[in-house]
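Top to bottom, those sequences are chains A and B. Position in the first sequence counted from 1, then plus 855, gives you the working numbering. Position in the second sequence counted from 1, then plus 448, gives you the working numbering. For glycine and all other residues, C-beta sits at the position ideal for the given N, C-alpha and C. See below for the structure under consideration.
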Amino acid sequence: MAKSSTVTSISIGVGLATGIYGISFGALSVAAGLDIFQTQVLSLLMFSGGSQFAFVGVIAATGIGGAGLGAAIISAWLLGIRNGFYAVRMAPILNRVGLAKLVPALLTIDESTAVATSQANLKDQAKGFWLTGAAVFVFWNLMTFAGAILGDALGDPRAWGLDAAAAAAFLGLLWPRLVERQALAVGAAALIIATATTSFLPAGVPVLLAGFAAVVVGAFNWFSPSQENSK
Amino acid sequence: MTLWLAIFIASAAVYSWKILGYLVPSSVLNHPTISRIANLLTVALLAALLGVQGLTDNGQIVFDARIPAIGVAAVLLYFRAPFVVMVGAAALVAGLLRLWFGV
């Protein structure tokens, strides 16, 4: 009993901690040119922080008028790929069949998977997933709304440093992933490729080009830890 | 394409990965090459977005108040500050530098 109340408190704690940075998403989304309703729908339906920041980030760079929307969609889609791997880990724990898979799929994100997979038994794993997923969903959406209202009231995003805040958000999402040489090399190369090609490629394309470079490095496993050891 | 349509397409696209993981046999996505590519793709997209958001403006490379702001964010991340504090500090640094020096 004590054990499962621990799962509850962890889940709600993670939900609060994660949800609060929905404020930054809401404010940045409005600064990028989306309205409050569009911002809220992204948090309700897309519900994946990295993809949401990417979508509004590309729109901030390209403008809301047409041409960059395709790149925004593709960037968000590609950043969502890790959720597929979380779903693979959650499937045997939740053991759902048919249409009953649709709801847990929406809640399958970094935090719900992390809390679930760090529990000792199947019952707590499932409980951790559902509670964390629901807590993050509720707080993330409430804070998105608060952030959108705030961003709407602020006016000129540059004067308030919101463009720098968006860059910091990407750095914060990137930071925990820079643990080994291969990731560092790919991250540095991607940053240079995307920045350097911005002046002559259509807006939004440099980010996708950098993603393509990562696929090539991953496919051939360049800069891998095993090569590091053999040198 | 309208922005609303793009929002619905992008949301469906992100959802497609989530549901895919529940539908395909685990052996498909658990292949080492596939999972390595997925990890590196995530790193590359975030780093590229950091570069475009932090170092460019209207299709040109621009060095301005965002760079010290990102530096402060990195220091706060190193000391494990909460995400929302780190983002807020970056906004504050850039906002103040622009107010005082117009950079």
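C-beta contact flag for residue 1030(A) and residue 497(B) at 8 Å: For the 8 Å CB-CB criterion, residue 1030(A) and residue 497(B) do not form a contact.
Straight-line Cα distance separating residue 939(A) from residue 467(B): Cα to Cα, the separation comes out at about 7 Å.
Residue 504(B) - DSSP class collapsed to helix/strand/coil: Three-state result, residue 504(B): strand.
Buried versus exposed, by CB contacts within 10 Å (16 or more), residue 937(A): With 16 or more other Cβ atoms from the protein chains shown falling within 10 Å of its own Cβ, residue 937(A) counts as buried.
Residues of its chain near residue 1009(A), where Cβ-Cβ distance is below 6 Å and the 5 sequence neighbours each way are ignored: Result list for residue 1009(A): 1015, in chain order.
Cβ-based neighbour list, residue 1079(A), same chain, cut-off 7 Å, excluding 5 preceding and 5 following: Closer than 7 Å at the Cβ level, and outside the excluded window around residue 1079(A), lie 1037.
Ordered list of beta strand (DSSP E) runs contained in the stretch 965-1039 of chain A, each at least 3 residues: Correct list: empty.
Beta-carbon gap between residue 1054(A) and residue 550(B) smaller than 8 Å: No, the pair does not count as a contact, with Cβ atoms beyond the cut-off.
Residue-level contact to chain B via CB, residue 992(A), 8 Å cutoff: No, residue 992(A) lies away from the interface with chain B (no Cβ there is under 8 Å from its Cβ).
Reduced DSSP category for residue 424(B) - H, G, I as helix; E, B as strand; rest coil: Residue 424(B) cannot be examined here, being either before or after the span of chain B that is shown, 449 to 551.
Assigned secondary structure, residue 889(A) (DSSP; H/G/I helix, E/B strand, else coil): Residue 889(A): coil per DSSP, three-state reduction.
Residue-chain proximity (residue 531(B), chain A), Cβ-Cβ < 8 Å: Yes, residue 531(B) lies at the interface with chain A (some Cβ there is under 8 Å from its Cβ).
C-beta contact flag for residue 513(B) and residue 1044(A) at 8 Å: Their beta carbons are not under 8 Å apart, which means residue 513(B) does not touch residue 1044(A) by this criterion.
8 Å CB neighbourhood of residue 857(A) in its chain, flanking five on each side removed: Residue confidence for residue 857(A) is low, a pLDDT of 46 falling below 50, so the modelled location carries little weight; the figure read from the coordinates is stated next. Result list for residue 857(A): empty, nothing under 8 Å.
Below-8 Å beta-carbon distance, residue 452(B) vs any chain A residue: Output row for residue 452(B): interface = yes.
Contact list for residue 469(B) against chain A, beta-carbon separation under 9 Å: One finds 938, 939, 940, 941, 942, 943, 944, 945, 946, 960 and 963 in chain A with Cβ atoms closer than 9 Å to the Cβ of residue 469(B), taken in chain order.
Residues, ordered as in the chain, of the stretch 500-523 of chain B that lie near chain A by beta-carbon distance below 7 Å: Within the stretch 500-523 of chain B, 500, 501, 502, 503, 504, 507, 508, 509, 513, 514, 517, 518, 521 and 522 place their CB atoms closer than 7 Å to a CB of chain A, listed in sequence order.
Supposed contact pair residue 910(A) and residue 927(A) - C-beta distance, whole angstroms, cut 8 Å: Contact annotation, residue 927(A) with residue 910(A): C-beta distance approximately 5 Å; criterion of less than 8 Å satisfied.
Terminal residues of the alpha helix (DSSP H) in which residue 926(A) lies: Note, residue 926(A): alpha helix (DSSP H), 924-934.
Sub-8 Å separation of residue 887(A) and residue 914(A) beta-carbons: Contact annotation: residue 887(A) and residue 914(A) have beta-carbon atoms nearer than 8 Å.
Rounded straight-line distance, which links the Cα of residue 896(A) to that of residue 970(A): So the alpha carbons of these two residues sit roughly 26 Å apart.
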